[in-house]
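Peer 1: Let me give you the structure first, and then I'll get to my questions.
There are 2 protein chains.
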Amino acid sequence: MSLEDFNSSSKPDKVIYSKVPSKEKAFNLIEFSLKNDRLIDIFGKCEIDYEGRASSYLAPGDRLTIVKPDGTLIVHKREKREPVNWQPPKSRNKVDISNENLVLTSRRRKPKEKLEITYEKIFSISSLLPEDEKEIQLNRSEEEMGDLIIEKPWIIEKGFKIIEREKETDLGYIDIFGKDKNQNRVIIELKRKKISLSDISQLKRYQKSLKKDYNNLRGVIVGPSISKKAENLLKEEKLEFTKLKPEVCDLGTDLTEFQ
Amino acid sequence: MSLEDFNSSSKPDKVIYSKVPSKEKAFNLIEFSLKNDRLIDIFGKCEIDYEGRASSYLAPGDRLTIVKPDGTLIVHKREKREPVNWQPPKSRNKVDISNENLVLTSRRRKPKEKLEITYEKIFSISSLLPEDEKEIQLNRSEEEMGDLIIEKPWIIEKGFKIIEREKETDLGYIDIFGKDKNQNRVIIELKRKKISLSDISQLKRYQKSLKKDYNNLRGVIVGPSISKKAENLLKEEKLEFTKLKPEVCDLGTDLTEFQ
DNA sequence: GCCTAGGTCCCGTCG
DNA sequence: CGACGGGGCCTAGGC
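Structure follows, in structure tokens:
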């Protein structure tokens, strides 16, 4: 694949690859890819300056840079799941040659941020053309726990009735608001993993926002388990904990044992 | 680069590339790369099953998969900063050929998780050898705000003195614990961005944990700004807000105006 | 290992 | 837009 072919009118190539390209060739391939909504994959030795919500400098080293058609820019080093530097979607990316180095610059405003990658060596560039794809289907979210409780409120306790979901208050949104068999109002806070201190604070805050309106306002946190410190705070605050594992909320799980 | 060369004893290649490889060739290159701590970069049409903390299925589509020497596996689609699927560092990755498809499987235990990528087509594979690199230097963190206040406590207010940093309580860790000019104890909670409801809850929680030990225990939240609801809650709880922008905490900033 | 809290968190949702 | 809270959050730091 020669550079001259980039702008040919035939069906665009799914993959364009260049190994140890010259600065000029790299520049042309990256600029072509940016213009044509391609996904770019650069492996090279580079240093990185970032200035924005925070600021950082990363000394020269081998990294993998990905530029997506939506403006996202991601730089990975050899370890860890998180990129070492990045720019979010809708960033504006451009390539330059400066002082004989290839420079990739990514900017956005609001917040104002700038990421500058200076390559002293490029080992390879892949320019890819991904087709559209389906959305992922994810299960076992907190939302599903809510769905289950809406459908089967007796899981919380006998006689429990739903009043409102995602109820807004001055101090945030209550997952589920309901009442028990004695007509006491109940605030339910759902968590899909082990309850920690901040979760209790959150529930307490919601309770505070409504206690002027109700007597006997109960607060119940629902989750698979709870940490020791959180349990202590829970008791002190006279809140309650109900055990419910998110995997039980998958559709089709047999819940007759709860009845 | 032929497959036979993979195991040669000469200096390993920085980059090995294969365009539209056969299943067998892809298998060999990936297996070789997994064994030799190389970073692998696969562009192909695949479907993905995940089962673990949650569960998901992703229908076939074009994606970019990265496998790092530390076991990290990342799958990107054409948009967004976040990978659509992943496995964290120290996952165990292996490659297979099953029903004429290439299958990449990544597992970890604790929590038990399994990610399975089935490729129906592979457009390209890059196998890379990144060298070690320096750590990133990041500025404007909450920690730096703390450093500044330790050094110049008068930024909080005239006469303020530090007692302890990262003070542990039953209900969490206080950023800075100190006393004012009247010997009242002061809890300082630092935030690098706009204060929200949960930040106030956090400070309130710390105050609660110590109020049995002190009279006149003040709570001060420090940050660049505060949301309206958070400000209301702040006043109700008789807590205080002090404005301090994290960028002021960069080394070398002139702070004489505060004195 | 558990627990706590920050993050250039990202991201969706709702006002 | 801001604001709020979830996330397979990830990651670092204590204990």
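Chains as they are written, first to last, in UniProt numbering: chain A, 1 to 259; chain B, 1 to 259. Note that the Cβ used here is the ideal one computed from N, Cα and C, for glycine as well.
Mind listing the chain B neighbours of Phe43/A? Cutoff is C-beta to C-beta under 9 Å, in chain order.
Peer 2: The contacting residues are Lys14, Val15, Leu39, Asp41, Ser126, Leu128, Pro130.
Peer 1: Which ranges does the beta strand (DSSP E) cover as unbroken runs of at least 3 residues, wholly within the region 109-169 of chain A, from first to last along the chain?
Peer 2: Fully enclosed beta strand (DSSP E) runs of 3 or longer: 113-128, 136-139, 161-169.
Peer 1: Could you round the C-beta distance between Pro89/A and Lys152/B to whole angstroms and report it? I think they count as a contact, below 8 Å.
Peer 2: Actually they do not touch by this definition, with Cβ atoms about 39 Å apart.
Peer 1: In angstroms with no decimal places, state the Cα-to-Cα distance between Arg108/B and Trp86/B.
Peer 2: Their backbone Cα atoms lie some 12 Å apart in a straight line.
Peer 1: Given Glu240/A, which residues of its chain have a CB within under 8 Å of its CB, disregarding the five upstream and five downstream residues?
Peer 2: Arg218, Gly219, Val220, Ile221, Leu234, listed in sequence order.
Peer 1: Which residue from Arg165/B, Lys243/B, Asp41/B, Asn28/B puts its Cα closest to that of Ile97/B?
Peer 2: Per the Cα distances, Asn28/B.
Peer 1: Identify each residue in the region 76-103 of chain A for which the Cβ-Cβ distance to at least one residue of chain B is less than 7 Å, and report them in chain order.
Peer 2: Answer set for the region 76-103 of chain A: His76, Lys77, Arg78, Glu79, Lys80, Arg81, Val84, Trp86, Pro88, Pro89.
Peer 1: From the beta carbon of Ala26/B, is the nearest beta carbon of chain A less than 9 Å away?
Peer 2: Chain A, which has no Cβ nearer than 9 Å to the Cβ of Ala26/B, makes this no.
Peer 1: Using a cut-off of 8 Å between C-beta atoms, extract the partners of Asp70/A located in chain B.
Peer 2: Result: Arg78, Glu79, Lys80.
Peer 1: Helix, strand or coil: which one does DSSP assign to Asn184/A?
Peer 2: Asn184/A: coil per DSSP, three-state reduction.
Peer 1: Helix, strand or coil for Pro60/A, going by three-state DSSP, please let me know.
Peer 2: Strand.
Peer 1: According to DSSP, is Leu234/A helix, strand or coil?
Peer 2: Here Leu234/A sits in helix by DSSP.
Peer 1: Kindly identify the DSSP beta-bridge partner or partners of Tyr50/B.
Peer 2: For Tyr50/B, which the question treats as bridged, DSSP gives the partners Ser56/B, Leu115/B.
Peer 1: Looking at the structure shown, is Glu240/A part of a helix, part of a strand, or coil, going by DSSP?
Peer 2: If DSSP states are grouped into helix, strand and coil, Glu240/A belongs with the strands.
Peer 1: Run the CB neighbour count on Gln183/A, radius 10 Å, all protein chains shown included, and call it buried at 16 or more, exposed below.
Peer 2: Its Cβ having fewer than 16 others within 10 Å, Gln183/A is exposed.
Peer 1: Looking at Arg205/B and Ser201/A, is the spacing between their C-beta atoms short of 9 Å?
Peer 2: Contact flag set, yes.
Peer 1: Can you tell which of Glu189/A, Tyr119/A, Lys94/A, Val95/A has the C-alpha that lies nearest to the C-alpha of Ile165/A?
Peer 2: In the sequence on display, residue 165/A carries Arg and not Ile. Nearest C-alpha to Arg165/A: Glu189/A.
Peer 1: If you draw a straight line from the alpha carbon of Lys121/A to that of Asn99/A, how long is it in whole angstroms?
Peer 2: The straight-line gap from Cα to Cα measures roughly 13 Å.
Peer 1: With DSSP run on the structure shown, which of helix, strand or coil describes Lys191/A?
Peer 2: The answer is coil: DSSP assigns Lys191/A none of H, G, I, E or B.
Peer 1: Measuring only between beta-carbons, confirm whether Leu165/A sits less than 9 Å from chain B.
Peer 2: Inspection of the sequence shows that residue 165/A is occupied by Arg rather than by Leu. It does not; no Cβ of chain B falls within 9 Å.
Peer 1: Would Gln259/B count as contacting chain A if we go by Cβ distances under 9 Å?
Peer 2: Summary for Gln259/B: the model assigns pLDDT 48, below 50, so the residue's position carries little reliability, and this model does not support an answer.
Peer 1: To the nearest angstrom, how far is it from the Cα of Tyr50/B to the Cα of Lys134/A?
Peer 2: Straight-line Cα distance between these residues: approximately 15 Å.
Peer 1: Under 9 Å, do Glu168/B and Ile162/B count as touching if we go by C-beta distance?
Peer 2: Going by C-beta atoms, Glu168/B is not nearer than 9 Å to Ile162/B.
Peer 1: Check the Cβ of Leu123/A against every Cβ in chain B and list those closer than 8 Å, keeping chain order.
Peer 2: Position check: residue 123/A holds Phe in this sequence, whereas Leu was assumed. Correct list: Lys14, Val15, Leu128.
Peer 1: Once DSSP output is grouped into helix, strand and coil, what is the label at Asn101/A?
Peer 2: DSSP places Asn101/A in strand when its eight states are reduced to three.
Peer 1: Determine the burial state of Gly159/B: buried for a count of at least 16 other Cβ atoms within 10 Å of its Cβ, exposed for fewer.
Peer 2: Exposed, because fewer than 16 other Cβ atoms sit within 10 Å of the Cβ of Gly159/B.
Peer 1: Would Asp213/B pass as an interface residue toward chain A - the criterion being a Cβ-Cβ separation below 9 Å?
Peer 2: So no, Asp213/B is outside the interface.
Peer 1: Hey, how far is the Cα of Pro224/A from the Cα of Asn139/A?
Peer 2: Their backbone Cα atoms lie some 16 Å apart in a straight line.
Peer 1: Around the Cβ of Lys77/A, are there at least 16 other Cβ atoms within 10 angstroms (buried) or fewer (exposed)?
Peer 2: When all chains shown are included, Lys77/A counts as buried.
Peer 1: Does DSSP classify Pro246/B as helix, strand or coil?
Peer 2: Helix, per DSSP.
Peer 1: Please report the straight-line C-alpha distance between Lys114/A and Glu144/B, rounded to a whole angstrom.
Peer 2: For Lys114/A and Glu144/B, the distance between alpha carbons rounds to 21 Å.
Peer 1: I'd like to know whether the C-beta atoms of Asn93/B and Leu34/B end up nearer to each other than 9 Å.
Peer 2: In contact: Asn93/B and Leu34/B (Cβ atoms closer than 9 Å).
Peer 1: Going by the CB atoms, is the gap between Ser127/A and Asp41/A shorter than 9 Å?
Peer 2: In contact: Asp41/A and Ser127/A (Cβ atoms closer than 9 Å).
Peer 1: Please classify Gln207/B as buried or exposed, where buried requires at least 16 neighbouring CB atoms within 10 angstroms.
Peer 2: With 16 or more Cβ atoms within 10 Å of its Cβ, Gln207/B is classed as buried.
Peer 1: For Gln202/B, return the contacting residues in chain A, with the cut-off set at a CB-CB distance below 8 Å.
Peer 2: Correct list: Ser198, Ser201.
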